[in-house]
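The numbering of the sequence shown is the numbering used here, which starts it at 18 and goes up by one. We treat Cβ as the ideally placed atom computed from N, Cα and C, and that holds for glycine. Here the structure is a predicted model, which is why all the values come from computation and not from measurement. First up is the structure itself, then whatever we jot down about it.
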Amino acid sequence: MNFFIQVALTIGNQTNPIALENMPAQWNLFAFYTVWVTVELVFVYFFYIETKGPTLEEISRIFDGDDAIVAQVDYVDNEKNNQIETEITENDGRKEKV
Numbered sequence: 018m019n020f021f022i023q024v025a026l027t028i029g030n031q032t033n034p035i036a037l038e039n040m041p042a043q044w045n046l047f048a049f050y051t052v053w054v055t056v057e058l059v060f061v062y063f064f065y066i067e068t069k070g071p072t073l074e075e076i077s078r079i080f081d082g083d084d085a086i087v088a089q090v091d092y093v094d095n096e097k098n099n100q101i102e103t104e105i106t107e108n109d110g111r112k113e114k115v
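Now the structure itself:
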């Protein structure tokens, strides 16, 4: 993908000065780019998936479907481990029988 971005930038760098010299009104080129960026923004806003809130496992299921191979988390074991760590911390690091 980076290759195609570099190609597009190179073509733009070569053609924009020529377009600016040969257009009767230079503002037309800037208006075209403004409209194009607005179209891209609207497309991304409505069609791209939001990835800010979900966990990595949920994002994997969104992109790969329900057959995505993701880790299974046992929340009961996590709560036990957190409780044990909290009790050890409260006892100044001394391990006591829990």
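Item                                                                                   : Value
Span separating the alpha-carbon of residue 21 from that of residue 36                 : 22 Å
Inter-residue spacing [alpha-carbon to alpha-carbon] between residue 48 and residue 26 : 19 Å
Rounded straight-line distance, which links the Cα of residue 71 to that of residue 78 : 10 Å
Rounded C-alpha distance that separates residue 43 from residue 23                     : 25 Å
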